[in-house]
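Residue numbers for the sequence shown follow UniProt numbering, beginning at 1 and rising by one.
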Amino acid sequence: MTVGTPPLLVIDDVVTEYRTATRVVRALDGASLTAGRGETVGIVGESGSGKSTLGLLTGRLLPSGTRCPRGRVLVDGESVLDLPPDRLARLRRERLAFVPQDPIGALDPTLRIGRQLRLALRDTPADLAALLEQVRIRDPEHVLRLYPHQISGGMAQRVAVAMAMARKPALLIADEPTAALDSQVREEVLRLLFTLAAENGTTVLWLSHDLGGVARWCARIAVMYGGRVVEDGTTAEVLSAPQHPYTGALLAADPARAKGGTRLLTIGGTPPVLSDDPQGCVFAPRCDSAGEDCPAVRPAPRTVAGRTVLCHHPGGTPETVPARKESAR
Ligand SMILES: Nc1ncnc2c1ncn2[C@@H]1O[C@H](COP(=O)(O)OP(=O)(O)OP(=O)(O)O)[C@@H](O)[C@H]1O
């Protein structure tokens, strides 16, 4: 981020709670993140760590009944959680875009691709064929006449990228947009997405399980655990020398990083499902670096090795040992 330029996105100490008939699930527990204009940020963490909730929160797109009792979200200086409906709609239309996990499911099965694009971009004059050409769709006139079930997952994801980028959004939230694609198509879609974002100066939050992809495409990485960002720094530094024991464990458990002949490591225990204020560090029960203070005292953000870390014993200091690892079966 350029010094002196206000960040495009500020998520500050947000608590978010889903309410079901039987329980409260606290999906974000004091999550904080900032992103500058044009920055590319990969948000990683195990299932349930709060990535999708953070993405939806950014556009105030959480299901009705979801509560945010604490914190604030600013997009381009506008307080998303406080905006009246008309200004929220304008913010979403003019400055935000989302690429969903399941593009075919997100498209209306009863409408041709061309009609859907026209509806989605009704305020934006756009040459639809040129838009599809931009995402390397050959014979775009033909594709515009097709229904969603007539196109492949990779094609649908390109259409979703074209739709999202047509308005040159300030902020793009991509929630695992390539999870269902094979590796070659996945890389092509990511290349398109990040190339268009760079051309337009769009900030990207990529919610991902793909650490290798984040390493290739994102300048920054934010690691989530238990509804908080527990480590946040430049991707190269975080991946080469993780400071939070959870980041270290996540990297050790990544099949793509396992060296030939070595056993894949998994993180023992299960991630927490919170319902109210937890005591201490919620990773402590799974962490061999934990000291006496960890289950008792909630870690505050601190700067370690040039990044923000929420841990009492970061970076394998002498009194710590690596996070608990168990060999995978
Ligand atoms: N609509 C909902 N109602 C109730 N609980 C929910 C809802 N959506 C998410 N949760 C819960 O909130 C927590 C955070 O979920 P979230 O989907 O944000 O995590 P995630 O990191 O995106 O997971 P994944 O990688 O599997 O998409 C989880 O415990 C999840 O079960």
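Using N, Cα and C, we set each Cβ at its ideal position, and we do this for glycine too.
### C-alpha distance - Glu133 paired with Pro272, whole-angstrom precision
In the sequence shown, residue 133 corresponds to position 133, counting from 1. In the sequence shown, residue 272 corresponds to position 272, counting from 1. Rounded to the nearest whole angstrom, the C-alpha separation of Glu133 and Pro272 is 45 Å.
### Extent of the continuous beta strand (DSSP E) to which Asp76 belongs
In the sequence shown, residue 76 corresponds to position 76, counting from 1. Per DSSP, Asp76 belongs to no beta strand (DSSP E) and is neither H nor E.
### Task
Please state whether DSSP places Thr58 in a helix, a strand or coil.
Here the question's residue 58 lines up with position 58 in the sequence shown. Of the three classes helix, strand and coil, the one that applies to Thr58 here is helix, per DSSP.
### Query
Do Ala35 and Thr203 have their C-beta atoms closer together than 8 Å?
Here the question's residue 35 lines up with position 35 in the sequence shown. Here the question's residue 203 lines up with position 203 in the sequence shown. For Ala35 and Thr203, yes; Cβs fall inside 8 Å.
### Task
Kindly indicate which three-state DSSP category Ile151 falls into: helix, strand or coil?
Along the sequence shown, read from residue 1 onward, the residue named residue 151 stands at position 151. Ile151: coil per DSSP, three-state reduction.
### Message
On the DSSP bridge list, what partners appear for Met224?
### Response
The sequence position of residue 224 within the sequence shown is 224, counting from 1. Paired residues: Val229.
### Query
Whose C-beta lies closer than 8 Å to the C-beta of Ala276 among residues of the same chain, with five residues either side of it excluded?
What you label residue 276 is simply residue 276 of the sequence shown in a count that begins at 1. According to the sequence provided, residue 276 is Asp. The question's Ala does not apply to it. These residues qualify, in order along the chain: Val24, Arg26.
### Message
Which residues neighbour ligand 1 when neighbourhood means a C-beta less than 6 Å away from any of its non-hydrogen atoms? List them by chain order.
### Response
With 6 Å as the limit, the residues whose C-beta approaches any heavy atom of ligand 1 more closely are Tyr18, Thr20, Val25, Ala27, Gly45, Ser47, Gly48, Ser49, Gly50, Lys51, Ser52, Thr53, Pro63, Val273, in sequence along the chain.
### Query
Whole alpha helix (DSSP H) runs in the segment 170-257 with 4 or more residues, listed along the chain?
183-200, 211-217, 235-240, 245-252
### Query
Under 8 Å, do Leu171 and Leu8 count as touching if we go by C-beta distance?
For the purposes of this step, residue 171 is taken as residue 171 along the sequence shown, with counting starting at 1. For the purposes of this step, residue 8 is taken as residue 8 along the sequence shown, with counting starting at 1. Their beta carbons are under 8 Å apart, which means Leu171 touches Leu8 by this criterion.
### Task
Give the secondary structure of Asn161 by DSSP, where H, G and I count as helix, E and B as strand, and everything else as coil.
Walking along the sequence shown from the start, residue 161 turns up at place 161. Checking the sequence shown, residue 161 turns out to be Val, not Asn. Helix at Val161.
### Message
Using CA atoms only, rank isn't needed, just tell me which of Pro148, Ile221, Ser47, Gly48 is closest to Arg112.
### Response
Counted from its first residue, the sequence shown places residue 112 at position 112. Selected option, being the one with the closest Cα: Pro148.
### Query
Cβ atoms of Leu190 and Gly213: under 8 Å apart, would you say?
Here residue 213 refers to the residue found at position 213 of the sequence shown. Here residue 190 refers to the residue found at position 190 of the sequence shown. Contact: yes.
### Query
So Met224 and Gly65 are in contact, right, with Cβ under 8 Å, and what is the actual spacing, rounded?
Translated into positions along the sequence shown, residue 224 becomes position 224. Translated into positions along the sequence shown, residue 65 becomes position 65. The pair is not a contact, with the Cβ atoms about 23 Å apart (cut-off 8 Å).
### Task
Tell me, please, whether the segment 70-78 touches the segment 102-121 by the rule of three or more beta-carbon pairs shorter than 8 Å.
no
### Query
Among Thr58, Arg70, Arg257, which residue has its Cα nearest to the Cα of Leu96?
For the purposes of this step, residue 96 is taken as the residue at position 96 of the sequence shown. Nearest C-alpha to Leu96: Thr58.
### Query
Excluding sequence positions up to five away, which residues of its chain have a Cβ less than 8 Å from the Cβ of Gly153?
On the sequence shown, residue 153 is found 153 positions in, with the first residue counted as 1. Cβ within range, chain order: Pro103, Ile104, Ala180, Leu181, Val185.
### Exposed unless 16 or more other CB atoms sit within 10 angstroms - verdict on Asp82
Stepping through the sequence shown from its first residue, residue 82 is reached at position 82. Counting Cβ neighbours within 10 Å, Asp82 comes out exposed, since fewer than 16 surround it.
#### Entry: With 16 other Cβ atoms within 10 Å as the buried cut-off, status of Ala256
Here residue 256 corresponds to residue number 256 of the sequence shown, with the count starting at 1. It counts as exposed.
### Task
If I'm right that Val230 touches Cys311 with Cβ under 8 Å, what's the distance once you round it to whole angstroms?
The residue given as residue 230 occupies position 230 in the sequence shown. The residue given as residue 311 occupies position 311 in the sequence shown. Contact flag correct, Cβ pair sits at about 7 Å.
### Task
On the DSSP bridge assignment, give the partners of Leu274 in chain order.
Within the sequence shown, residue 274 is the residue found at index 274, counting from 1. DSSP, once it has assigned bridges, lists Arg26 as partnering Leu274.
### Three-state secondary structure (DSSP) of Ala120
Within the sequence shown, numbered from 1, the residue matching residue 120 stands at position 120. Ala120 falls in the helix class under three-state DSSP.
### Query
Which stretch, first to last residue, makes up the beta strand (DSSP E) that contains Leu310?
The residue given as residue 310 occupies position 310 in the sequence shown. Where Leu310 is concerned, there is no enclosing beta strand (DSSP E), given that its DSSP letter is neither H nor E.
### Message
Are the CB atoms of Thr53 and Thr62 within a distance shorter than 8 Å?
### Response
As a working mapping, residue 62 is identified with position 62 in the sequence shown. As a working mapping, residue 53 is identified with position 53 in the sequence shown. At residue 62 the sequence reads Leu, which differs from the Thr that was named. Yes.
#### Entry: Under 8 Å between C-beta atoms of Arg70 and Asp13
If you number the sequence shown from 1, residue 70 lands on position 70. If you number the sequence shown from 1, residue 13 lands on position 13. A contact, by the Cβ cut-off of 8 Å.
### Task
Express the C-alpha separation of Leu196 and Val143 in angstroms, rounding to a whole number.
Along the sequence shown, one-based indexing puts residue 143 at 143. Along the sequence shown, one-based indexing puts residue 196 at 196. Each residue's alpha carbon lies about 21 Å from the other.
### Query
How close, in whole Å, do the beta carbons of His313 and Gly291 come, if the pair is a contact with beta carbons under 8 Å?
Position 313 of the sequence shown, counting from 1, holds the residue named residue 313. Position 291 of the sequence shown, counting from 1, holds the residue named residue 291. The pair is a contact, with the Cβ atoms about 6 Å apart (cut-off 8 Å).
### Query
Quick one: Cα of Ile137 to Cα of Gly201, how far?
Position 137 of the sequence shown, counted from the start, is the residue given in the question as residue 137. Position 201 of the sequence shown, counted from the start, is the residue given in the question as residue 201. Between Ile137 and Gly201, the C-alpha separation is close to 23 Å.
### Query
Terminal residues of the continuous beta strand (DSSP E) containing Leu83?
As a first step, residue 83 is located in the sequence shown; it is residue number 83 there, counting from the start. No beta strand (DSSP E) contains Leu83, which DSSP labels as neither H nor E.
### Task
Alpha carbon to alpha carbon, how far is Val15 from residue 390? Give it in angstroms, no decimals.
The chain is shown only over 1 to 329; residue 390 falls outside these bounds and no answer can be derived.
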